[in-house]
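In what follows, a structure is listed as structure tokens, so that the remarks can point back to it.
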Amino acid sequence: MHFNELSEFAEGLGCTVMRDEPLSKHTTFRIGGPCRLMIVPDSAEALASLRRFTGEKGIRTLIIGKGSNMLCADEGFDGAVILLDKTFGKIELISDDTIRAEAGAQLISVCTKALEHSLTGLEFAYGIPGTVGGGIFMNAGAYGGEMRNVIESVTAVDRNGEFHTYSADELAFTYRSSRFAKSDEVIVSGDFKLSHGDKDEISAEMERLMGCRRSKQPLDFPNAGSTFKRPEEDVYVGKLIQDNGLRGKTIGGAQVSEKHCGFVVNKGGATCDDVTSLIKMIQDTIKERTGYSLECEVRIIPYK
28 MHFNELSEFA EGLGCTVMRD EPLSKHTTFR IGGPCRLMIV PDSAEALASL RRFTGEKGIR
88 TLIIGKGSNM LCADEGFDGA VILLDKTFGK IELISDDTIR AEAGAQLISV CTKALEHSLT
148 GLEFAYGIPG TVGGGIFMNA GAYGGEMRNV IESVTAVDRN GEFHTYSADE LAFTYRSSRF
208 AKSDEVIVSG DFKLSHGDKD EISAEMERLM GCRRSKQPLD FPNAGSTFKR PEEDVYVGKL
268 IQDNGLRGKT IGGAQVSEKH CGFVVNKGGA TCDDVTSLIK MIQDTIKERT GYSLECEVRI
328 IPYK
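In this text, residue positions in the sequence shown follow the working numbering: the first is 28, and each later residue adds one.
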């Protein structure tokens, strides 16, 4: 599978390379076995070179940031994981109302940068536990805001190592999805177009929304965020699950959160099989009792 070649190639680019790294250390669910290789690039050029090499060699790859919206197999990942973290997290003001952030930048850090420059529009993202790349990939949103409301353009790199920049109307944003969910392109950076506002008001709104998260979401247990997409705009999944008697339902170490039924949490020692079994049980129960089909919002990454 050319993993030795890839390891040498990546090290030659100055990347950090780890073998048999447990994915449980890199996902917010704290679940997942080892990957064959984990590579940490520190530049767009290194990322492009890695994409070209893995494309030519036919090496299966997985791109992760904070791992906050994925569930990895207990066996791990039979391929190379490219980790875009703080080494790929530059954030800069490129005009008086536009912030450019690399894919590995934490969303909360971009929000802080916006506050620093009295820019409003990103308050909804304050506290979303993910990176810019992941946020754009899934059109992350909360409290009435979504990434599509603030993204002006995105630069991505394809499997041939070629860069492409897309304007907002080319990004195919829909509810919890974008063009990148259906392509093999990897997000390099995003430009956030914001508006000037009052710094104190922006700060107050950020703290208000953070307070809402702390009071309503199960932040005390590992999880991957909201487990399901809303089946309809005004249908709240947490209430649907609660009303059908599934609060606290447990399989192995996985549990329907007692604090917010829209979340499946890792109560301790949960396996991927525990979580997927619980997800299926919820889907089957809700379908049978209400007719709604719940689509999983969490990306489930198989071993092969």
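Where a beta carbon is used, it is the ideal one built from N, C-alpha and C, also for glycine. Note that this is a predicted model, so its numbers are computed, not measured.
When DSSP reads this structure, residue 168 sits in a beta bridge with 173. Under the Cβ criterion (8 Å, minimum of three pairs), the segment 141 to 153 counts as touching the segment 212 to 231. Less than 8 Å divides the Cβ of residue 243 from the Cβ of residue 287. Note on residue 68: 16 or more other CB atoms within 10 angstroms of its CB, so buried under the neighbour-count rule. Out of 182, 63 and 305, the CA that lies nearest to the CA of residue 215 is found in 182. Following the DSSP letters along the chain, one finds residue 218 in no alpha helix (DSSP H) but inside the beta strand (DSSP E) bounded by residues 213 to 220.
When Cβ pairs closer than 8 Å are counted between the two stretches, the segment 184 to 200 is seen not to touch the segment 254 to 273, the count staying below three. Secondary structure note for residue 293: its beta strand (DSSP E) is the uninterrupted segment 291 to 293. In the structure shown, the three-state DSSP call for residue 196 is helix. For residue 329, the number of other beta carbons within 10 angstroms of its own is below 16, and it is reported as exposed. If you draw a 10 Å sphere on the C-beta of residue 254, you find 16 or more other C-beta atoms in it, and that means buried. Here the alpha carbon of residue 129 sits roughly 14 Å from the alpha carbon of residue 179.
In the three-state DSSP reduction, residue 58 falls in the coil class, being neither helix nor strand. Under the DSSP definition of a beta bridge, residue 223 partners with 146.
With a 10 Å radius around the Cβ and a threshold of 16 neighbouring Cβ atoms, residue 201 comes out exposed.
Sequence-distant Cβ neighbours of residue 74 in its own chain, meaning closer than 8 Å and more than five residues away, are 68, 109, 111, 115, 184, 213 and 215.
Separation of residue 232 and residue 240 (C-alpha to C-alpha, rounded to the nearest whole angstrom) is 12 Å. Secondary structure in the segment 225 to 252: the alpha helix (DSSP H) runs of 4 residues or longer, each lying completely within the stretch, are 226 to 243 in chain order.
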